[in-house]
Amino acid sequence: MNTEGQRRSVVLIFYTSMELHRHAIQPPHAHPVLLGCLTTVSAHGGESSNGLEVGLTTGQTLLFSLVGGLAAMQATSVLFSIRSTSLSPLMVGLATYTGLIHLILGFDDRLLLLGGVGVLGLLAVLVVVELPAQRERLALLGLCGVTAAMFVGYFVSTHDPHMIFEDRLGLTAKICELALMGLMIRALRSPTKA
-11 MNTEGQRRSV VLIFYTSMEL HRHAIQPPHA HPVLLGCLTT VSAHGGESSN GLEVGLTTGQ
49 TLLFSLVGGL AAMQATSVLF SIRSTSLSPL MVGLATYTGL IHLILGFDDR LLLLGGVGVL
109 GLLAVLVVVE LPAQRERLAL LGLCGVTAAM FVGYFVSTHD PHMIFEDRLG LTAKICELAL
169 MGLMIRALRS PTKA
């Protein structure tokens, strides 16, 4: 991505995060930290296997996923309540971020698409549907399992260690997945709320 394109993406994300910040009271340092990830992205977006069609670039993939994750986090904390007692708005934002990354990158890879649909589908069930405590726990375990499978699958499918360290979009998704799994395990270990 050229410098002008990066500058436009940063301005768009900054404007969007400030608009979200203006409508919901959040600490002023919450959104700019996420903006720092944008300038370090260098994944494999924008390439095609046959050289004819060009998909989304890495910056665009990060932009859509970041804005989607922030919007989901803000919406579940301000606009409507989450039906699940174990899920927090931060968990919704993290799951949306990684789900959107896998969904967008999954247009060329069915396994990535399956992971993105799995995360977003289970997340939608936990957010929208009021489940009994045991089924809610099973859905949360399923979400944790899909996230763990995506985490492990990334390192299994990427054999070159240099490739892993250069794929910063993949690394941001894996860091997000680690945080999400930690929060889900903490929620599963805590006593159930009646």
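If you count the sequence shown from 1, position 65 lands on 53 in this note's numbering, and the numbers rise without skipping.
Even for Gly, the Cβ is constructed at its ideal location relative to N, Cα and C.
If you draw a straight line from the C-alpha of aspartate 148 to the C-alpha of tyrosine 85, how long is it?
Here residue 148 corresponds to residue number 160 of the sequence shown, with the count starting at 1. Here residue 85 corresponds to residue number 97 of the sequence shown, with the count starting at 1. Roughly 25 Å between the two C-alpha positions.
Closest by C-alpha distance to glycine 103, when choosing among Ala161, Gln48 and Phe52:
Along the sequence shown, one-based indexing puts residue 103 at 115. Looking at the Cα atoms, Ala161 is the closest of the given residues.
Count the CB pairs spanning the segment 57 to 77 and the segment 93 to 108 that are closer than 8 Å, and state whether there are at least three.
no
Taking the alpha helix (DSSP H) that alanine 63 belongs to, which residues open and close that run?
Residue numbering aside, residue 63 sits at position 75 when the sequence shown is read from its first letter. Counting along the chain, no alpha helix (DSSP H) covers alanine 63, and no H or E run does either.
Just to confirm before moving on: does the CB-CB distance between leucine 183 and alanine 175 stay below 8 Å?
Lying before the first or after the last residue shown, residue 183 is absent from the chain, which here runs from -11 to 182.
Where arginine 71 falls: helix, strand or coil (DSSP)
On the sequence shown, residue 71 is found 83 positions in, with the first residue counted as 1. Reduced to three states, the DSSP call for arginine 71 is coil.
Does DSSP classify leucine 119 as helix, strand or coil?
As a working mapping, residue 119 is identified with position 131 in the sequence shown. Looking at leucine 119 - three-state DSSP - the assignment turns out to be coil, as it is neither helix nor strand.
Endpoints, the alpha helix (DSSP H) within which histidine 147 is located:
Numbered from its first residue, the sequence shown carries residue 147 at position 159. That residue, histidine 147, is in no alpha helix (DSSP H); it is neither H nor E in DSSP.
Where the alpha helix (DSSP H) through leucine 88 begins and ends:
Against the sequence shown, residue 88 aligns to sequence position 100. That run of the alpha helix (DSSP H) goes 77 to 93.
According to DSSP, is leucine 51 part of a helix, a strand, or is it coil?
Position 63 of the sequence shown, counted from the start, is the residue given in the question as residue 51. In the structure shown, leucine 51 sits in a helix (DSSP, three-state: H, G or I).
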